DNA sequence: GCCACTTTGTGAATCGAGGCACAAGGTGGC
DNA sequence: GCCACCTTGTGCCTCGATTCACAAAGTGGC
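Chains as they are written, first to last, in the working numbering: chain F, 73 to 291; chain D, 73 to 291.
This is the structure we're talking about:
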């Protein structure tokens, strides 16, 4: 049975994130020549509950074979399809500072269906240059036009916090519907736009919080 | 009633993350000259429920004044103390590739009580150099010694996925108890070590998932 | 000093995610 | 073809997080 989707079922974001994890694991398994895998085996591999894995997968159809498990190659294809990774996606990065430049060249970003087409900055000194990996730095004013022409679906914000909301509005108006924000600021996206934040400072502070608690108990 | 902590109460990680968000907001308010703020006002500021904010704060004592709200300066100090941000923390970064180098110079990482003392890499070609911002790149073999001498509390992993688990074990053995992992891999930390993952690929894939769903509905 | 008003702190209700346990369904041996 | 065995898919339960709603407590005006 092919791809019997259930359009009504609302998928939790947590489930979607786990699907990415499963996919990565399946790629490893496939590379290792494994052809089938049970939910139990996958669960042990990364400290999850096997029922959870089965439930996550069951959201989208019945991919498993009872008594056997899941066929690695099939499941990989299914998840790839579910996640929408069947076609390439173009990404633009706004902010050509340290972080923006590094992200532009970061291998993890330019693989697996993602391609970074341009960096944007409003600093005339940076415009016209390229990242070490060759991604061009363009003027912010060209963003709407380029974004539409290239059909960029995703924007990464690597700008200072103070500018972030303004830039978010700009890229939203340019028709981009998915945004990854690295700026340390709580932004508001208009409906229909998906906004994810990667807040490094909060992550660090959270680590310190755990450290401080551990020290306290120790005392 | 100064800092009436409740040692028994277990604090959720979600609460701790929100405290960081509150702290940032309080800094803004203080800079803007605001002296008191109500939970209601903060809630509106970033789309949260006011009861949640009050409950988060109530975990650690009674900081508010009924009928008035919270005194911005006091609350800021309290949260700073709760999060353990009263003293500086030294951070090491493992992996001097694009990402590691960028993180070393990233302003958000070298502020607010964090200081990056060194990068480590096992590539002899990189060892001996410095990041643009001046952070030295040292040999991986020196890591345990340097980490202990500098009393580094936090390690950031910016190494390839294949090496990540090994590096995690190494820094754990060096006495580091808090680790931020950027490698796209599911790692296992020993008990007593806090491990947080920032998985950029999963974030991107998650965005694509939302895009794909939106496109589907559109059709 | 008293009262109307505001906002906190918190018990109770609600909601959602994760885990358990088992019936349903498929496989391979004979 | 039948049977013992294995693993999926799923109803039910548990637990924690969020939200609601209200009594308690402080403020400012008069």
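In this text, a Cβ means the ideal position worked out from N, Cα and C, and glycines have one as well. A quick note: this is a predicted structure, and the numbers were derived from the prediction, not measured.
Query raised in the report: Taking Cβ-Cβ distances shorter than 7 Å, what residues in chain D pair up with residue 266 of chain F?
Result: Taking the first chain and counting its residues from 1, the one referred to as residue 266 of chain F is at position 194. Near residue 266 of chain F (Cβ distances below 7 Å), the residues of chain D are 279, 282.
Query raised in the report: Can the beta-carbon of residue 215 of chain D be found less than 8 Å from the beta-carbon of residue 251 of chain D?
Result: Here residue 215 of chain D is taken as the residue at index 143 of the second chain, counted from 1. Here residue 251 of chain D is taken as the residue at index 179 of the second chain, counted from 1. Contact flag unset, no.
Requested in this report: Please state if the CB of residue 185 of chain F and the CB of residue 281 of chain D are separated by a distance shorter than 8 Å.
Outcome: Locating residue 281 of chain D in the second chain gives position 209, where the first residue counts as 1. Locating residue 185 of chain F in the first chain gives position 113, where the first residue counts as 1. No.
Query raised in the report: Is the number of C-beta pairs between the segment 193-207 of chain D and the segment 183-202 of chain F that are closer than 8 Å three or more?
Result: no
Query raised in the report: At a Cβ cut of 9 Å, what residues of the segment 108-123 of chain D count as close to chain F, listed as they run along the chain?
Result: 117, 118, 119
Query raised in the report: Does DSSP classify residue 239 of chain F as helix, strand or coil?
Result: Residue mapping note: residue 239 of chain F aligns to position 167 of the first chain, counting from 1. Residue 239 of chain F: helix per DSSP, three-state reduction.
Query raised in the report: Around the C-beta of residue 85 of chain F, are 16 or more other C-beta atoms found within 10 angstroms, so that it is buried, or is it exposed?
Result: Residue mapping note: residue 85 of chain F aligns to position 13 of the first chain, counting from 1. Classification for residue 85 of chain F: exposed.
Query raised in the report: Within 10 angstroms of its Cβ, does residue 121 of chain F collect 16 or more other Cβ (buried), or is it exposed?
Result: For this step, residue 121 of chain F is matched to residue 49 along the first chain. Counting Cβ neighbours within 10 Å, residue 121 of chain F comes out exposed, since fewer than 16 surround it.
Query raised in the report: chain D beta carbons: is any one of them nearer than 8 Å to that of residue 197 of chain F?
Result: If you number the first chain from 1, residue 197 of chain F lands on position 125. So, not an interface residue.
Query raised in the report: How far does the beta strand (DSSP E) with residue 152 of chain F in it reach, from first residue to last?
Result: For the purposes of this step, residue 152 of chain F is taken as residue 80 along the first chain, with counting starting at 1. That residue, residue 152 of chain F, is in no beta strand (DSSP E); its alpha helix (DSSP H) goes 144-154.
Query raised in the report: Can you give the Cα-Cα distance for residue 164 of chain D and residue 218 of chain D, rounded to whole angstroms?
Result: Counting from one through the second chain, the residue named residue 164 of chain D turns up at place 92. Counting from one through the second chain, the residue named residue 218 of chain D turns up at place 146. So the two alpha carbons sit approximately 9 Å from each other.
Query raised in the report: Do residue 235 of chain D and residue 253 of chain D come within 8 Å of each other at the CB atom, strictly closer than that value?
Result: Locating residue 253 of chain D in the second chain gives position 181, where the first residue counts as 1. Locating residue 235 of chain D in the second chain gives position 163, where the first residue counts as 1. Going by C-beta atoms, residue 253 of chain D is not nearer than 8 Å to residue 235 of chain D.
**Report entry** 7 Å Cβ shell around residue 182 of chain F - same chain, five flanking residues per side excluded
**Finding:** Stepping through the first chain from its first residue, residue 182 of chain F is reached at position 110. Counting only Cβ-Cβ distances below 7 Å, and skipping sequence neighbours, we find 188.
Query raised in the report: Taking 8 Å as the CB-CB limit, is residue 89 of chain D close to chain F?
Result: On the second chain, position 17 is the one that residue 89 of chain D refers to. With 8 Å as the cut-off, residue 89 of chain D counts as an interface residue toward chain F.
**Report entry** Spatially closest choice to residue 109 of chain D from D:146, D:127, D:133, by CA coordinates
**Finding:** Translated into the one-based positions of the second chain, residue 109 of chain D becomes position 37. Checking every option, the nearest Cα to that of residue 109 of chain D belongs to D:146.
Query raised in the report: residue 173 of chain F: which of D:160, D:204, D:125, D:200 sits nearest, CA to CA?
Result: Walking along the first chain from the start, residue 173 of chain F turns up at place 101. Residue 173 of chain F has its Cα closest to that of D:204, out of D:160, D:204, D:125, D:200.
Report task. With distances taken Cα to Cα, identify the nearest neighbour of residue 99 of chain D among F:257, F:270, F:283. Result -> Position 27 of the second chain, counting from 1, holds the residue named residue 99 of chain D. Measuring from the Cα of residue 99 of chain D, the nearest candidate turns out to be F:257.
Query raised in the report: Does any residue of chain D bring its CB to less than 8 Å from the CB of residue 274 of chain F?
Result: Sequence index remark: in the first chain, residue 274 of chain F carries index 202 (1-based). Closer than 8 Å to some Cβ of chain D, the Cβ of residue 274 of chain F qualifies, so yes.
Query raised in the report: Going by the beta-carbon positions, is the gap between residue 135 of chain D and residue 150 of chain D smaller than 8 Å?
Result: Reading the second chain from its first residue, position 63 is the one you call residue 135 of chain D. Reading the second chain from its first residue, position 78 is the one you call residue 150 of chain D. Yes, Cβ-Cβ distance for residue 135 of chain D and residue 150 of chain D is below 8 Å.
Query raised in the report: So, is the C-beta of residue 78 of chain F closer than 8 Å to a C-beta in chain D?
Result: For the purposes of this step, residue 78 of chain F is identified with residue 6 of the first chain, where counting begins at 1. Reliability of the predicted coordinates at residue 78 of chain F is poor, the pLDDT of 49 falling under 50, and the value obtained from them is presented with this limitation in mind. By this cut-off, residue 78 of chain F is not an interface position.
Query raised in the report: Should residue 158 of chain F and residue 95 of chain F be called a contact, given that it needs their Cβ atoms to be closer than 8 Å?
Result: Position 86 of the first chain holds residue 158 of chain F. Position 23 of the first chain holds residue 95 of chain F. No, they are not a contact pair.
Query raised in the report: Along chain F, which residues have their Cβ under 9 Å away from the Cβ of residue 238 of chain D?
Result: In the second chain, counting from the first residue as 1, residue 238 of chain D sits at position 166. Within 9 Å Cβ-Cβ: nothing; residue 238 of chain D doesn't reach chain F, min ~16 Å.
Query raised in the report: At a CB-CB cut-off below 9 Å, which residues of chain D make contact with residue 161 of chain F?
Result: Counting from one through the first chain, the residue named residue 161 of chain F turns up at place 89. Within chain D, the residues near residue 161 of chain F are 276, 279, 280, 283.
Query raised in the report: Taking just the CA atoms, how far does residue 148 of chain F sit from residue 131 of chain F?
Result: The residue you call residue 131 of chain F lines up with position 59 of the first chain. The residue you call residue 148 of chain F lines up with position 76 of the first chain. Roughly 15 Å separates the two Cα atoms.
Query raised in the report: Roughly how many whole angstroms lie between the Cα atoms of residue 255 of chain F and residue 127 of chain D?
Result: On the first chain, residue 255 of chain F is found 183 positions in, with the first residue counted as 1. On the second chain, residue 127 of chain D is found 55 positions in, with the first residue counted as 1. Residue 255 of chain F and residue 127 of chain D: Cα-Cα distance of roughly 27 Å.
Query - Proximal residues, the segment 131-164 of chain D versus chain F, C-beta separation under 7 Å - result: 155, 156, 157, 161
Query raised in the report: Who are the neighbours of residue 178 of chain D on chain F, taking C-beta pairs under 7 Å?
Result: Here residue 178 of chain D corresponds to residue number 106 of the second chain, with the count starting at 1. 170, 171, listed in chain order.
Query raised in the report: With distances taken between CB atoms, is the gap from residue 210 of chain F to residue 240 of chain F smaller than 8 Å?
Result: Start at 1 with the first residue of the first chain, and residue 210 of chain F comes out as number 138. Start at 1 with the first residue of the first chain, and residue 240 of chain F comes out as number 168. Result no, Cβ atoms of residue 210 of chain F and residue 240 of chain F do not sit closer than 8 Å.
Query raised in the report: residue 159 of chain D by DSSP, collapsed to three states: which one?
Result: Walking along the second chain from the start, residue 159 of chain D turns up at place 87. The answer is coil: DSSP assigns residue 159 of chain D none of H, G, I, E or B.
Query raised in the report: So with Cβ pairs under 8 Å, would you call residue 74 of chain D a contact of chain F?
Result: Reading the second chain from its first residue, position 2 is the one you call residue 74 of chain D. With a pLDDT of only 37 at residue 74 of chain D, under the threshold of 50, the placement of this residue in the model should not be trusted, and no figure is reported.
**Report entry** Sheet register partners of residue 108 of chain F (DSSP bridge)
**Finding:** Locating residue 108 of chain F in the first chain gives position 36, where the first residue counts as 1. Residue 108 of chain F is bridged to F:143.
Requested in this report: Output the boundary residues of the beta strand (DSSP E) element that contains residue 189 of chain F.
Outcome: For this step, residue 189 of chain F is matched to residue 117 along the first chain. First-last of the beta strand (DSSP E) with residue 189 of chain F: 186-193.
Query raised in the report: Going along chain D in order, which residues have a C-beta closer than 9 Å to the C-beta of residue 93 of chain F?
Result: One-based indexing of the first chain puts residue 93 of chain F at position 21. Those within 9 Å of residue 93 of chain F in chain D are 258, 271, 274.
Query raised in the report: Tell me which same chain residues have a C-beta within less than 7 Å of the C-beta of residue 224 of chain D, skipping the five on either side of it?
Result: Counting from 1 along the second chain, the entry for residue 224 of chain D is found at position 152. Counting only Cβ-Cβ distances below 7 Å, and skipping sequence neighbours, we find 162, 163, 164, 189, 248.
Query - Start and end residues, beta strand (DSSP E) containing residue 127 of chain D - result: Counting from one through the second chain, the residue named residue 127 of chain D turns up at place 55. Run containing residue 127 of chain D: none in the beta strand (DSSP E); it sits in the alpha helix (DSSP H), 122-130.
Query raised in the report: What does residue 174 of chain F touch in chain D if you count any residue whose Cβ is under 8 Å from its own?
Result: For the purposes of this step, residue 174 of chain F is taken as the residue at position 102 of the first chain. Correct list: 170, 171, 173, 174, 175.
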